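Heads up: the protein sequence lines correspond to chains A, B and C, in order.
With this note's numbering, the residue at position 306 of the first sequence is 306, and numbering never jumps.
If you count the second sequence from 1, you need to add 1000 to reach this note's numbering.
If you count the third sequence from 1, you need to add 2000 to reach this note's numbering.
Ideal Cβ positions, reconstructed from N, Cα and C, are used throughout, including at glycine.
Predicted model only: the values in this text are computed from it and were never measured.
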Amino acid sequence: MGGGRLWLIRRIAAAAAIVFAVTSLTFVAIHLAPGSPFLPPPDRPVDTAVVARLNHQFGLDRPVSTQYVLYLRNLSQGELGYAFSRGEYVRDALATAIPNTLLLAGTALALDLGLGLLLGVILAARARRATDVVLSNVTLFIYSVPAFWLGLVLVFVFADWLHWFPPGFTSTPGLYETLPFLGQLGDRLHHLALPALTLGLVGAAGTARYQRAALLETLGREFVRTARAKGVRERRVLLVHALRNSLLPLITLAGLSLPFLLTGSVLIESVFSWPGMGRLATDAVLARDHALVTAVAIVASAMVVTGSLLADVLYAAADPRIRERAA
Amino acid sequence: MNFRIAFPAFAVLPLAIACSSRGSCKGDYCGTVVFVTANNPKTLLPTEIENAAARDVDEQLFLRLADMGMAGNTVGDSGFVPRLATRWEWDDPKTLVFHLDPRARWQDGVPVTANDVAFSFDAYRDPVVNSSARNALTKIASVTVRDSVTAVFRFKERYPTAFYDAVYQMWIIPQHLLAQVPRTDWLTAGFGQHPIGDGPYRFVSMTPGQTIELAADSTFFAGRPHIRRLVWKIVANLPAAVSDIVTNQADALEFLGSPANIEQVKKTPGMTLIPYPGSNYMYVELNTRANGDSSRPHPILGDAQVRRALTMALDRQSMLTNVVGSYGKVPPGPIPQWWPIWDSVRTLPFDSAGAARLLSARGWRLGPDGIRVKDSVRLSVEVMFTSTSGARQAFARLMQAQWKAVGVDLQIQPLDQNLIADRLASGKFDAVIQVFNSDPTPASGIAQHWTHGAPNNYSHWSNDDFDRLVNLATTAATAKQSRGYWRGALNIINADAPGIWLAAPDNVAAVSSRIADVKLRPDSYWALVWTWRIPADRLIDRDR
Amino acid sequence: MTVRPTLALVGAAVVTVVAVELLRRRTRGLGSGRRYFGHPAGVWGLRVLVFFSVIAALAPLVAPYDPAAQPGIVTLQNAPPSWAHPLGTDAYSSDIWSRLVYGGRVSLGVALLATLVAMTVGVTIGAVAGYARGWIDAVLMRLVDIGLAVPRIFMLLLAVAYWNRIPLALLVVLLGLTGWFTTSRLVRAEALSLRGRPFVDAARALGASPARILVRHLLPAALAPIIVSAVLSVGNVMLLEAGLSFLGFGVQPPTPSWGTMVADGQAQLALAPWTSFFPGLTIAIVVMSWNAVGDALRDAFDPRPEHA
């Protein structure tokens, strides 16, 4: 396992390097602007006490190299500055927003992979027949739909018209606190349904397309023909042999879906008033709150890098060939 | 584990959990009212609040010396209702003595005393604190303590709305909690995130950008509020708020806005529409000084004739109907519907051709792209407004088309409300669409806004005759004389057009039908929530 | 609708059908051409794209009304579809179909130009990295890694936060500069494989400059995957532009963009759903067409037996 461990260490190092590079670039970017990076835009009242404290913490009176080190140290401790537009520290704003986005993205990812896999298998099994043609086009349509528009359509149909689901927010204020644990869970799921469904559907369409292509490719390969020649039933061929082989890229797909989910969350969170990172970023831009937007960008990058790292690790764990190749 | 034993246990467990629900309130003192708003308060410290949601929350947490009555009469003191003060008397025409209720307590147990009243006055007047009420208190010379329950107000002169000025502008704040906090830190002070008041409701929690929760103070000296919990839910914008009302996720929304929203809520079972005379007006404020440099006049908007032309180019009545339908009127000046000076004054007509001629006469010639130019300056005005307001966005879009017809370019700039406040304060803007939530008396509203050097006079407009007439109107002995002076002042401000008066909407609020005894005070919609109640037979899940 | 716009619309449809047919005839000799036109989705996608491009180009002829005109802000707001206004009017009484047609100029134009920028940058950097190898390659590819790490929309939001208002040209450049990373990897792979071929050594011995080698040999070889990647990414850029405009950060009013039209309709979603529905549907159809064309092109250039 020595080779595998070395590979893992190299991958983690690479991921750390990328996050490091992103934060360094951000350092350069915000220090190129005149004035302290913690000063609000020029036309805002200066909160002298807060700015002085942050300036000192980040060592802005010191030489640049010391500043850089201090900046990184502060970042590692979670000190990201002061969000003037919200009247709170950036880390506090992120602390409430990140779990909400993770909840939404996580659920959407589960829907994405579950539904996408199922759909991909169906499409491949019925390839080139009527079912495939129709469903493939439907899938392509959903894949092409703007996610925010789909969200509005779902709100209109299921919330405004049918009243089956709430139009937004994470839970019912006023009621949520009084519910028992199971009730709270139910309330949260009830609110999670529409936004997660919106993101999940679009993601599932993409996954299904990919999965169909991957399955069809696998089905044309040697070992499948051998299985068929041996008289194995078509369904078993499909599910057991072909599927298992095309499952590996699915892990990568999951890791690579994270940027899409984070991007989608910016728009979906606006439609559904979901208090996550996306809405935080949007509000920060409207308020020209540079510290907050920068912090959100750094956190988003870290999430993406971690996601793809995890995908790589899982992929290597599942496929011994990768580990051996790296050894 | 033996399956046959385990299974019933697992089956019973969820039932047990469900039955042990935390909420099992019965009777007359239950209820949770959810207010939905698109405003996000940054702080709840009364001297620093800057939006309607913060004001609504503070209305429940803090007390004034006396409250306005439902009639909205601000002349003299007969229209007022005792609150923190049980009674008052005039020692002489310029000295007003308040006797505080000895039962009043801050929610940490400390009694409310006259020291708090004096401290509050000092804080509200302090330029470092920079409260928005500062300029309304200029006529009060001092507030002193006679004994622990007696506060003495001394005025610089006698005038009809003296009592109103003394009681209406200030929520009394606790000296023992705020005296040690340096005034420069008040904007970000912890007290603003966890306020302690003396009102009918106690602060429970605040999640910035999401929710604010208050609980009834059962020991409140004037009587225990019936509604047990109040929750403010902060959403992204007005359509989201209306969605919540329509789906019964929220119980109250103070301003529905467009006719589309009003129609939607009208069709919602379980919601009552409550129209009441509008206390606000929407207008465009034009910066007469250069954008970012108040030492020079604005190259475009510094010219009164150009401002007149910009006003004349707009069909304000049609714009109003488009945005609020029949629920509003075009005001004849910077006045809301409920001020008694809604009068026949000279207003600028809608005259597109006339506007074009006026602009040409002032040297603005049509350029190749259809926009006028003069001395290589394009006639382009950037109009900013809060991004969460659909009504303001709508007016901006309508204005854009109508100004284009006379060769004026309008740049639309939606921004966060805090950023707008900062740009206004530093003069870095061309024009802004604002809503002014007025006090019941024109005296403070107009004086605070349009007189020379007034704190909210972001347009830097100044006219001596106007100031003189406003002064006469505020100090006039009779209402009839006062109206005459107001009419004169309004004629001047309409002629000079430092602002374009867009709308004085009827306010229509939506409140859940299950709540009884609902009264909305026109100056502060949720001021009387502590008198509301939900009858026991109408309680729903979240009320318990 | 009146005569002129109807005729223009019919004319556009005719031009579309004819153009696609001509293209089919001309490419009948190529294997890839035959394969492409054997895909019904690809053909329809092409027709949709050509149609929308034509009507966007001929917008002044096709649109019955001025897209910024507000002819009756009291009487005509939020009017449902009718003969006079086939897709209805919006909250400001502007004709939705006219705004849709003009909006195509922005939505399609921005997406195409941004993709052009992205492809140019991506191809250049990928070619340089793959051909030069060594530390240049390492530096450039680390840059790509960083670029792929930051979700595109956050980079764009950062940029918007630093400017008061983004002029259209800047938006195009920003969209392009945030989207070249995958293409550069693709081209780099091609360049790397090209580098190892003997004829490259021969060309260099003859004195050919690297630029010449790249242009004459690399580009033709990599052209197919570049085109496919470009076509598939146009759809993505369209969605991104629509999203930014929906949030209010992209195209500024009164210029119509399909994204801003969806945002405009959000306030009266329950009362007048057509104001949001049609622009969103248009985005979906056009992006779907880009994707269908991209799929068909991929199969045409690189056929695999199991693909439909």
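Secondary structure of Trp-161 (chain A), DSSP reduced to three states:
helix
If I measure Cβ to Cβ from Gly-1367 (chain B) and keep anything under 6 Å in the same chain, skipping five residues before and after, which residues do I get?
Val-1373
Spell out a yes or no on whether the region 2195-2211 of chain C and the region 2263-2282 of chain C are touching, meaning 3 or more CB-CB pairs, one atom from each, closer than 8 Å.
no
Cβ of Val-2123 (chain C) within 9 Å of Cβ of Val-2172 (chain C)?
no
C-alpha distance - Gly-183 (chain A) paired with Ile-1540 (chain B), whole-angstrom precision:
15 Å
Terminal residues of the continuous alpha helix (DSSP H) containing Ala-2019 (chain C)?
2003-2026
DSSP-derived helix/strand/coil call for Val-2128 (chain C)
helix
For Ala-1114 (chain B) and Val-1143 (chain B), the rounded distance between their alpha carbons:
9 Å
Going along the chain, which residues of its own chain have a beta-carbon closer than 7 Å to the beta-carbon of Val-22 (chain A), five neighbours each way excluded?
Ile-298 and Ser-301
Start-end ranges of the alpha helix (DSSP H) lying completely within the region 1461-1486 of chain B, minimum 4 residues:
1464-1475
Using a Cβ-Cβ cut-off of 9 Å, state whether Pro-195 (chain A) counts as contacting chain B.
no
So what does DSSP say about Arg-1022 (chain B), is it helix, strand or coil?
Residue placement at Arg-1022 (chain B) cannot be trusted, given a pLDDT of 48 that sits under 50; what the coordinates show is reported in the next sentence. In the structure shown, Arg-1022 (chain B) sits in coil (DSSP, three-state: anything other than H, G, I, E or B).
If the cut-off is 9 Å on Cβ atoms, which residues from the region 1171-1196 of chain B count as contacting chain A, listed in chain order?
Pro-1182, Thr-1184, Asp-1185, Leu-1187, Thr-1188, Gly-1192 and Gln-1193
At a threshold of 8 Å, does Ala-1473 (chain B) count as lining the ligand NAD (C-beta to nearest heavy atom)?
With respect to the ligand NAD, the structure shown offers nothing to examine, as it has no ligands at all.
Is His-290 (chain A) close to chain C? Criterion is C-beta to C-beta, closer than 9 Å.
yes
Could you list the residues in the region 2262-2291 of chain C with a C-beta less than 9 Å from some C-beta on chain B, going in chain order?
Asp-2264, Gln-2266, Ala-2267, Gln-2268, Leu-2269, Ala-2270, Leu-2271 and Ala-2272
How many angstroms separate the CA atom of Arg-188 (chain A) from the CA atom of Leu-1178 (chain B)?
39 Å
Let me confirm a value: Gly-2243 (chain C) is counted as buried when at least 16 other C-beta atoms fall within 10 Å, else exposed. Which label applies?
buried
Roughly how many whole angstroms lie between the Cα atoms of Thr-2178 (chain C) and Pro-63 (chain A)?
32 Å
Between the alpha carbons of Ala-2013 (chain C) and Val-2050 (chain C), how many angstroms are there, rounded?
9 Å
If we require 3 or more residues per run, which beta strand (DSSP E) segments fall completely within the region 2164-2203 of chain C?
none
Can a CB atom of chain A be found closer than 9 Å to the CB of Gly-2235 (chain C)?
yes
Would you say Pro-2256 (chain C) reaches chain B, if we count a Cβ-Cβ gap shorter than 9 Å as a contact?
no
Under 9 Å between C-beta atoms, does Ile-12 (chain A) make it to chain C?
no
Do Ala-1066 (chain B) and Trp-1088 (chain B) have their beta-carbon atoms positioned less than 9 Å apart in this structure?
yes
Mind reading off the beta-carbon distance from Asp-1430 (chain B) to Leu-1301 (chain B)? Whole number of angstroms is fine, and I expect it under 8 Å.
7 Å
If I follow the unbroken beta strand (DSSP E) through Ala-1510 (chain B), where does it start and stop?
1507-1512
Going by the DSSP bridge assignment, what does Ser-1142 (chain B) pair with across the sheet?
B:Arg-1154
is_contact[Pro-1208 (chain B), chain A] using C-beta, thresh 9 Å
yes
Through-space distance from Arg-1055 (chain B) to Met-1170 (chain B), alpha-carbon basis
12 Å
Continuous beta strand (DSSP E) stretch holding Val-2139 (chain C): start and end
That residue, Val-2139 (chain C), is in no beta strand (DSSP E); its alpha helix (DSSP H) goes 2134-2149.
Any C-beta of chain A sitting closer than 9 Å to the C-beta of Arg-1022 (chain B)?
Any reading at Arg-1022 (chain B) is ruled out, since the residue's pLDDT is 48, under 50, leaving its predicted position unreliable.
DSSP three-state assignment for Trp-1403 (chain B), whether helix, strand or coil
helix
Gln-986 (chain B) lies in the beta strand (DSSP E); which residues open and close that run?
Outside the shown range of chain B (1001 to 1544) lies residue 986 (chain B), about which nothing can therefore be said.
Helix, strand or coil at Gly-2294 (chain C) according to DSSP, with G and I counted as helix
helix
Under 9 Å between the Cβ atoms of Ala-15 (chain A) and Thr-306 (chain A)?
yes
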